[in-house]
Amino acid sequence: MAPKKGRNQNAAKQHTKMEKLTPKEAILDYQIGNLRNLTSRLKFKRETLKNMLKEKVDLLTSLKLQEEAILRETSSKLMEISVDDETSVSSDDTKNYLLETWKVRDFEETEVMKIQEEIETTRRLTKDVVLELKNWHTYSEVTKKLNETRIQMLEMEYVNMKQRFESMMKYLTEEEKRTELNTHANIELSSEHIKNSVIDKAIDILNKSLSQQMLQNNWLKVEKKILEEKIERISLEIESLQKKNITAAQDVFNCNLAHILVPISFGDIQVTEEDDLGKSTILDLKLDQDMFGFERDLGKLKNINISFRKL
């Protein structure tokens with residue numbers, strides 16, 4: 577039979593204290609409280625029995641004193657009767673004496689019976705206490721085993737929770753690393769994609785620029801070819817004109833050959849405003865074969881043609 581837990585005046589304080597204890601400490605604290613209650617009850621019963629026995633001893637002592645007083649009184653009366661032969665004892669005195677003696681004897685027997693009953697009650701109480709102690713011992717052993725089993729279960733649960741927490745932390749760490757790696761990979765892919773897009777756009781722009789440049793170069797080549805053809809045609813025309821001018825100059829020279837024999841001093845004649853240019857001879861006008869500068873212009877055109885061909 578488990579001992580009942582007594583009420584405590586400081587229940588609120590104990591409740592606050594219990595909230596701060598671990599399960600193992602709470603179980604031990606509960607067992608300690610039960611042991612204290614059992615000890616206090618046993619102490620109270622012991623004090624009660626002690627007081628009862630003390631009262632009975634005092635009562636027996638008083639009865640013994642009364643009995644001794646009655647015996648002394650009876651003895652003194654008997655001595656008086658034996659000393660005084662003439663003294664006679666009446667029947668009333670004898671009756672009273674016997675009544676008093678019987679009363680004392682009955683009272684003593686009654687008190688003895690009461691003491692025996694108290695002793696029996698004390699034995700029963702002691703037996704109850706012993707049984708309660710045995711029950712408490714059994715209960716404490718069972719409770720101890722249950723508490724040990726519960727403590728082992730709590731420890732196992734704590735270990736399992738710790739392992740689960742560690743595995744959870746490991747999983748979260750790995751997941752965080754995996755997420756970080758995926759993020760870096762996505763960033764690198766995005767950067768690469770952006771870079772490739774920029775490069776593709778730049779390549780497209782360069783291709784377009786190159787295509788435009790090639791078209792422009794082709795156009796320039798066509799223009800160059802056209803210019804070369806024009807220059808070639810102009811050069812041919814200039815050469816033809818130069819040949820015509822040379823032929824004309826030769827004709828003029830042949831026509832004015834007679835004037836060549838004129839003295840050299842006439843070659844220094846200066847042309848003035850008074851001279852009639854329409855009547856002047858070739859010597860008067862100081863003409864030569866390159867009088868129109870065709871050869872000089874033809875050389876310039878040839879140089880331009882050579883430079884275009886180099887381009």
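Using my numbering, you'd call the opening residue of the sequence shown number 577 and step up by one each time. Positions of the beta carbon are idealized from the N, C-alpha and C atoms, including for glycine.
Closest Cα partner of residue i within the set the options
| i | options | result |
| --- | --- | --- |
| residue 683 | 801, 639, 776 | 639 |
| residue 625 | 712, 698, 691 | 698 |
| residue 598 | 752, 828, 727, 754 | 727 |
| residue 647 | 827, 632, 631, 674 | 674 |
| residue 703 | 732, 779, 621, 717 | 621 |
| residue 635 | 767, 618, 687 | 687 |
| residue 708 | 746, 618, 799 | 618 |
| residue 715 | 831, 828, 611 | 611 |
| residue 650 | 637, 717, 676 | 676 |
Span separating the alpha-carbon of residue i from that of residue j
| i | j | result |
| --- | --- | --- |
| residue 794 | residue 806 | 18 Å |
| residue 603 | residue 723 | 7 Å |
| residue 802 | residue 821 | 28 Å |
| residue 678 | residue 685 | 10 Å |
| residue 645 | residue 652 | 10 Å |
| residue 838 | residue 823 | Residue confidence is low: residue 838 scores 48 on pLDDT, short of 50, so the model does not pin down where it sits. Its coordinate-derived value is still stated next. Each residue's alpha carbon lies about 23 Å from the other. |
| residue 731 | residue 613 | 30 Å |
| residue 847 | residue 825 | For residue 847, the predicted model reports a pLDDT of 49, less than 50, meaning its position is unreliable and no value from the coordinates is stated. |
| residue 772 | residue 763 | 14 Å |
| residue 681 | residue 633 | 17 Å |
| residue 776 | residue 791 | 22 Å |
| residue 711 | residue 689 | 32 Å |
| residue 744 | residue 729 | 22 Å |
| residue 810 | residue 819 | 14 Å |
| residue 770 | residue 788 | 26 Å |
| residue 817 | residue 796 | 30 Å |
| residue 808 | residue 781 | 39 Å |
| residue 672 | residue 642 | 17 Å |
| residue 785 | residue 774 | 16 Å |
| residue 733 | residue 765 | 46 Å |
| residue 747 | residue 616 | 56 Å |
| residue 799 | residue 768 | 44 Å |
| residue 735 | residue 760 | 37 Å |
| residue 629 | residue 637 | 12 Å |
| residue 601 | residue 757 | 47 Å |
Local conformation of residue i per DSSP, three classes
| i | result |
| --- | --- |
| residue 528 | Only positions 577 to 887 of the chain appear in this structure, which leaves residue 528 out of reach. |
| residue 862 | Unreliable placement is indicated for residue 862, whose pLDDT of 44 sits below 50; the coordinate value is still reported in the next sentence. Correct three-state label for residue 862: coil. |
| residue 686 | helix |
| residue 838 | Bear in mind that the predicted position of residue 838 carries a pLDDT of just 48, short of 50, making it too unreliable to give a figure here. |
Beta carbon proximity, residue i to chain B, threshold 8 Å
| i | result |
| --- | --- |
| residue 768 | The chain inventory of the structure shown lacks chain B, comprising one protein chain alone. |
Residue i Cβ short of 7 Å to the ligand MN heavy atom set
| i | result |
| --- | --- |
| residue 701 | The ligand MN is not part of the structure shown, which contains no ligands of any sort. |
*Is the stretch 704-724 in contact with the stretch 604-620, if contact means three or more CB pairs nearer than 8 Å?*
yes
_Three or more C-beta pairs below 8 Å linking the stretch 615-629 and the stretch 692-706_ = yes
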